[in-house]
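Student: What follows is a structure written as structure tokens; I'll ask about it next.
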Amino acid sequence: MTGTLAPSRPTPRSARARPRRRLSKWAFYTHLWLGVVSTIALIAISITGILLNHKRGLGLMPEVDHAPTGEFAAAIPVERMAYAALAAAPPASRGNWTEGDPVDIALIDRMDLRPREGFVKVRLRDRASTEMTVDINTGAVLHVGRRGDVFLEKLHSGEIFGGIRFTLLSDFAAAALVLALITGYWLWLVPKLSRGLGPEDSSA
Numbered sequence: 001m002t003g004t005l006a007p008s009r010p011t012p013r014s015a016r017a018r019p020r021r022r023l024s025k026w027a028f029y030t031h032l033w034l035g036v037v038s039t040i041a042l043i044a045i046s047i048t049g050i051l052l053n054h055k056r057g058l059g060l061m062p063e064v065d066h067a068p069t070g071e072f073a074a075a076i077p078v079e080r081m082a083y084a085a086l087a088a089a090p091p092a093s094r095g096n097w098t099e100g101d102p103v104d105i106a107l108i109d110r111m112d113l114r115p116r117e118g119f120v121k122v123r124l125r126d127r128a129s130t131e132m133t134v135d136i137n138t139g140a141v142l143h144v145g146r147r148g149d150v151f152l153e154k155l156h157s158g159e160i161f162g163g164i165r166f167t168l169l170s171d172f173a174a175a176a177l178v179l180a181l182i183t184g185y186w187l188w189l190v191p192k193l194s195r196g197l198g199p200e201d202s203s204a
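For the sequence shown, the numbering used here assigns the number 1 to the initial residue and increments by one for each residue that follows.
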């Protein structure tokens, strides 16, 4: 009497391997396409990040060697600091403002006060990101120049392209990098774990 062969049943190990293979396949394609889609953004973020880390050494952010000329409590009003900065700015950077006019705060992007160094940096909203360094006690202008790192900062954050959509693009690139790292580790680790599992006894 000839017996028929019963269909082989999947072993517990092969049953566990199926979800792992599916996850590895998903990780592979996620890793691949995230890398393809976000490569340009990631390269831009990486290069600008390196340059910003060394902006002082590259001369992108001018350094002013200055000792305080008085006590911080004796500093002149902020409005006078801003006025002194606008008066020293290149005419092309201050629009229609002229000396004697009230301070036009629409021209000013930010004021960075450094009490321990005794000065304030006043950055304008012009295309060149012109910055004046002003003594907080005397109102003397210590330096006038262009901030070369502003362009890099805006490119790094996506702000240079305007609007929240491009800032979100930078966020997407950062999230893509995190996912690419996670999926890359998964693709590297799973084969090692699989090889480390001993063969199961398949005898019945």
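Glycine is no exception: its CB is placed at the ideal position from the N, C-alpha and C atoms.
What did DSSP end up calling residue 81 once you bin it into helix, strand or coil?
Tutor: DSSP places residue 81 in helix when its eight states are reduced to three.
Student: From which residue to which residue does the beta strand (DSSP E) around residue 141 run?
Tutor: Per DSSP, residue 141 belongs to the beta strand (DSSP E) from 141-146.
Student: Could you give the residue range of the beta strand (DSSP E) that holds residue 149?
Tutor: Where residue 149 is concerned, there is no enclosing beta strand (DSSP E), although the alpha helix (DSSP H) it sits in stretches over 149-157.
Student: Can the beta-carbon of residue 125 be found less than 8 Å from the beta-carbon of residue 113?
Tutor: No.
Student: Run the CB neighbour count on residue 54, radius 10 Å, all protein chains shown included, and call it buried at 16 or more, exposed below.
Tutor: Exposed, because fewer than 16 other Cβ atoms sit within 10 Å of the Cβ of residue 54.
Student: Can you tell me which residues form a DSSP beta bridge with residue 119?
Tutor: Per DSSP, 114, 135.
Student: Taking the Cβ atom as the reference point for each residue, do residue 38 and residue 140 lie within a distance shorter than 8 Å?
Tutor: In this structure, residue 140 does not lie closer than 8 Å to residue 38 by Cβ.
Student: Within 10 Å of its beta-carbon, does residue 185 have 16 or more other beta-carbons around it, so buried, or fewer, so exposed?
Tutor: Flag for residue 185 reads exposed.
Student: Measure the C-alpha to C-alpha separation of residue 87 and residue 167 and round it to an integer number of angstroms.
Tutor: Cα to Cα, residue 87 sits roughly 34 Å from residue 167.
Student: Quick check on DSSP: helix, strand or coil for residue 30?
Tutor: Three-state result, residue 30: helix.
Student: In the DSSP output, what is residue 58 paired with across the bridge?
Tutor: Answer by DSSP bridge pairing: none, since residue 58 is not bridged.
Student: Pull the bridge partners of residue 108 from the DSSP assignment, please.
Tutor: Per DSSP, 124.
Student: With a 10 Å radius around its C-beta and 16 neighbouring C-beta atoms as the bar for buried, classify residue 46 as buried or exposed.
Tutor: Flag for residue 46 reads exposed.
Student: Within 10 angstroms of the Cβ of residue 73, are there 16 or more other Cβ atoms? Answer buried if so, exposed if not.
Tutor: Burial call: exposed.
Student: Excluding the 5 residues preceding and the 5 following residue 27 in the sequence, name in chain order all residues of the same chain whose CB lies nearer than 7 Å to its CB.
Tutor: Correct list, in chain order: 183, 186, 187.
Student: Which of the three DSSP states, helix, strand or coil, is assigned to residue 130?
Tutor: The answer is strand: DSSP assigns residue 130 an E or B state.
Student: Can you check which of these residues, 30, 40, 48, 21, is closest to residue 152 by C-alpha distance?
Tutor: The shortest Cα separation from residue 152 among 30, 40, 48, 21 belongs to 48.
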